[in-house]
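Numbering (the working numbering), first residue to last: 106 to 560.
The beta-carbon is built from N, C-alpha and C at its ideal position, and this holds for glycine as well.
Read the structure below first, then the notes.
Below is the structure:
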């Protein structure tokens, strides 16, 4: 267990007590413990300023999900064989509004991973200022290599159980890794069949012609870059003319490339699980979209089709010199060694497009080097923010243009940035976005919890 030492001795006693409580009750969930510690270790100033947070045991309550749902998902493949997967939904905190968070279909999904994602979602959603609580879900089902009919049958079985826990005023899922527009369609169709209602606001990430929102596909990648741009501008420059390296080559990474290029940056590298490509002339976005979004090929194919591009099997994309690094793949992908390489190569800013992609040791390297660092709960909140914009459109029976939805997203990301910046400055740590994001999100949720009594 990587956090056996727990919170440091110089932390508030309430922080140490809360983390010990979490570690004792969740001994085999390292990702969850990591996410909790990353938040709690920033909260000593808040507990010192407002003792009620400690005396009312807000931290212990906040770290315990309001509801944890685990269920079996039986389904039949195209050869008639029966499979049984496990489904999860962790409804973590509803102090600010209904639970909101995605569904992840991937073999790595287990209760601890879903709890880590749900815990992060509490603060991410709070920072949007949009009145939504935190939750997350998914299954250890692997959609790779499965036919459309197999995925349809799995999604229908999954929703057959999950639907009884959902509702636009209760819990609103969306997509995540392994759950895209196809899966959302099958899930929503089964929900309609079971509920006999067209309740568009019960799930987000829908198709544009049946209740979806423009910019939802682009939102997480766009929002990460928008946050980065504002962070840089506050320090005297923007993205224009900078070199950017991005991990991953999925939806978030592709649209981070697109927005960074629109703002004048040169994106020189991206990756997948097999290796990474370097294109010093700047990634060809159309080619990247074709290879990953249409052909569903490995990133190595990019170098085969793009003169001057180089493919490196294995290794680390963070070996590529850059001014801005955007980890957009998966949790704990950027470690301390990679962080030191980035710092030595002159990186100016790092923003997390994925959930907790940077290890605690790497975060410390960036903070000590005075590199601007934006944690995922702030930088990648664009996806959930645009999901709420989708819910607003559903409630009004209307739809917005791409430009209007993008403008709303830009305003939201600016607001998230400023909440983080203001909280860090208020607590005497100007420019520390990790501290600012955790304190700002915590205060909003904790104050709502105190106001609503012991629930």
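Same chain, Cβ closer than 7 Å to residue i, five either side skipped, listed in chain order
| i | result |
| --- | --- |
| residue 157 | 555 |
| residue 444 | 467, 470 and 471 |
| residue 425 | 350, 373, 374 and 383 |
| residue 182 | 188 and 255 |
| residue 418 | 379 and 380 |
| residue 408 | 382, 414, 415 and 416 |
| residue 457 | 432, 463, 479, 480, 481, 484 and 485 |
| residue 116 | 146 and 149 |
| residue 540 | 147, 529, 532 and 534 |
| residue 270 | 174, 194 and 276 |
| residue 499 | 305, 306 and 316 |
Unbroken beta strand (DSSP E) run spanning residue i, endpoints
| i | result |
| --- | --- |
| residue 208 | 204 to 210 |
| residue 179 | 172 to 181 |
| residue 279 | 276 to 279 |
Endpoints, alpha helix (DSSP H) assigned at residue i
| i | result |
| --- | --- |
| residue 191 | Careful: residue 191 lies outside any alpha helix (DSSP H), inside the beta strand (DSSP E) at 187 to 198. |
| residue 229 | 216 to 233 |
| residue 240 | Run containing residue 240: none in the alpha helix (DSSP H); it sits in the beta strand (DSSP E), 238 to 244. |
| residue 516 | 507 to 531 |
| residue 492 | 487 to 501 |
| residue 410 | 405 to 410 |
| residue 543 | 538 to 556 |
| residue 145 | 135 to 145 |
| residue 261 | 253 to 267 |
| residue 150 | 149 to 154 |
| residue 343 | Unbroken run through residue 343: none, as it is neither H nor E. |
| residue 166 | 163 to 167 |
| residue 118 | 118 to 130 |
| residue 159 | 157 to 160 |
| residue 391 | 390 to 394 |
For residue i: DSSP bridge partner residues
| i | result |
| --- | --- |
| residue 376 | 381 |
| residue 478 | 455 |
| residue 431 | 351 |
| residue 416 | 382 |
| residue 568 | Lying before the first or after the last residue shown, residue 568 is absent from the chain, which here runs from 106 to 560. |
| residue 284 | 281 |
| residue 371 | 348 |
| residue 272 | 276 |
Residues near residue i in its chain [Cβ-Cβ closer than 6 Å; skip 5 each side]
| i | result |
| --- | --- |
| residue 309 | 279, 492 and 495 |
| residue 353 | 433 and 434 |
| residue 288 | 260 |
| residue 453 | 428 |
| residue 122 | none |
| residue 211 | 282 and 283 |
| residue 437 | 464 |
| residue 87 | Absent from the model: residue 87. The displayed extent of the chain is 106 to 560, so no value can be given. |
| residue 246 | 190, 210 and 259 |
| residue 448 | 474 |
| residue 192 | 176, 178, 244 and 263 |
| residue 396 | 402, 406 and 407 |
Cutoff 8 Å; reference residue i; Cβ partners in own chain excluding five residues on either side
| i | result |
| --- | --- |
| residue 110 | With a pLDDT of 46 at residue 110, under the threshold of 50, the predicted position of this residue should be treated as unreliable, though the coordinate-derived value follows. If we look at residue 110 and ignore the five residues flanking it on each side, it has no Cβ neighbours. |
| residue 227 | 167, 197, 198, 238, 239, 546 and 550 |
| residue 120 | 112, 145, 146, 148, 149, 152 and 164 |
| residue 344 | 330, 333, 334, 337, 365, 368, 369, 370 and 429 |
| residue 299 | 264, 265 and 268 |
| residue 48 | The shown model of the chain, from 106 to 560, leaves out residue 48, and the question about it has no answer. |
| residue 81 | Nothing in the structure corresponds to residue 81, since the chain is present only between 106 and 560. |
| residue 272 | 203, 304 and 307 |
With 16 other Cβ atoms within 10 Å as the buried cut-off, status of residue i
| i | result |
| --- | --- |
| residue 521 | buried |
| residue 107 | Low per-residue confidence applies at residue 107: pLDDT is 38, beneath 50, and the placement is therefore not dependable, though the value from the model is reported in the following sentence. By the neighbour-count rule (16 or more Cβ atoms within 10 Å), residue 107 is not buried but exposed. |
| residue 189 | exposed |
| residue 274 | exposed |
| residue 543 | buried |
| residue 140 | buried |
| residue 477 | buried |
| residue 503 | exposed |
| residue 404 | buried |
| residue 423 | buried |
| residue 229 | buried |
| residue 218 | buried |
| residue 557 | exposed |
| residue 186 | exposed |
| residue 224 | buried |
Cutoff 8 Å: residue i Cβ touching any chain B Cβ
| i | result |
| --- | --- |
| residue 491 | The structure shown contains no chain B; it is built from a single protein chain. |
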